[in-house]
Amino acid sequence: MQYSSLYELITALEYGTKLNIGVIFFGFRRSERLMLPRSSTIRTGEYCWRVKKNNPCAQKCYLCRSLSIRKATRLGKPFGGVCIHGVWEYTHPVFDEENLVCIIFIGNIYDPEKSGTRIHNRLAKLGISDEAERLIGAMEHQVKWSQCEVIGRLIESYIRLIMQADNELSAQSQNSAIADIVSFIEENLCSSLSIRSIAELFHYHEKYIGRLFKQTMGCSIRTYIYSRRIERAMMLLRETNESVIEIATRMGFENVTYFNRRFREITGITPTDYRRAVQNGDVPDVETKLENLDKFQRNIK
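If you count the sequence shown from 1, you need to add 260 to reach our numbering.
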């Protein structure tokens, strides 16, 4: 995929710094010229990636980002603060009249007064204190609030120019909105996900986004989530030595019994039998069948 000139602008603004600039769009306002890779919509600093390898930390990061989005929507103006893991981030909402268009995040910033203790405590809890110097060194230490304001206003101005020049709500824009949701699901696949939380995060009515998702993807949001979780579990069974219990927990299942039952309903065999077949060189010809998921999705809470 060829990404937009917005991506080129973000890349130019990041050049020579250690900043991580991202933009999350809401609604159907994004055109092709505002398409961004996943790395420009999530926190991608080295410290963030290292911490998010721990699933509970990844879930806390997701909740922290959700709170930032809610605060930006409520305040209607830029603000800055330290996230739950100690990284300072500037948050810049962009509105079209009363509708939230997007939020610009400028992060991977080290606040000498607030970041240090929280980062060291987090790394200590994860047992990787020896990586502190390297991870902190990979963060931006020099940027000021005024510089973040300039960057935020520059990106906002560019987005508004594109919106003004391409002010049409097309089917392709709708697909872009669904692409954002799919990327969000992939990033948070191991976290607690629901149609309600996704609709709230992306500012859509629950029934509307469910209908649009199924129209675009050919399956419901619940079906997609469970299909991807089982596919990811199959990969872990093939490529890692993690136990079935560990994989079930990692993929967000309540217990291993529930995981085993869903895995078998979709693939036709149990996780243990699947792994054994792979180890014996007899790779089973199984695929995640969306029609099977449709049969039991109403039982998913």
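Using N, Cα and C, we set each Cβ at its ideal position, and we do this for glycine too.
With fewer than 16 other Cβ atoms inside 10 Å of its own Cβ, aspartate 390 counts as exposed.
Within the same chain, Cβ atoms closer than 7 Å to the Cβ of arginine 489 are found at Leu449, Met511 and Gly512, the five residues on either side in sequence being excluded. Cβ-Cβ separation between serine 300 and glycine 282: approximately 5 Å, consistent with a contact (criterion under 8 Å).
Beta bridge pairing from DSSP links valine 354 with Cys362.
Between the C-alpha atoms of proline 372 and arginine 394 there is a straight-line separation of about 16 Å. Sequence-distant partners of leucine 453 (beyond 5 residues in either direction) whose C-beta falls short of 8 Å from its own C-beta, in its chain, are Ile445, Ile485 and Gly512. Here DSSP, grouped into helix, strand and coil, assigns valine 311 to helix. Counting only the Cα atoms, proline 316 lies some 28 Å from phenylalanine 473.
Contact check for tyrosine 350 and isoleucine 366: beta-carbon distance about 4 Å, within the 8 Å limit, so the pair qualifies.
Leucine 279 sits away from valine 410, with the two beta carbons spaced by 8 Å or more. CA-CA distance, valine 347 to serine 328, rounds to 13 Å. Around the Cβ of isoleucine 505, a 10 Å sphere holds fewer than 16 other Cβ atoms; the residue is exposed. Proximity to isoleucine 481 across Ile270, Asn501, Ser457 and Leu496 peaks at Ser457, based on C-alpha coordinates. By the C-beta density criterion, proline 531 is buried, having at least 16 other C-beta atoms within 10 angstroms. If you look at valine 283, you'll find it in the beta strand (DSSP E) that goes 280-285. The straight-line gap separating the alpha-carbon atoms of glutamate 358 and leucine 294 is approximately 21 Å.
Taking the C-beta atoms as reference points, isoleucine 438 is found no nearer than 8 Å to threonine 483. Judged by their CB atoms, alanine 392 and isoleucine 379 are nearer to each other than the 8 Å cut-off. A direct Cα-Cα distance of roughly 52 Å separates valine 361 from asparagine 540.
Alanine 272 and serine 451 do not touch by the CB rule: their CB atoms are close to 33 Å apart, not below 8 Å.
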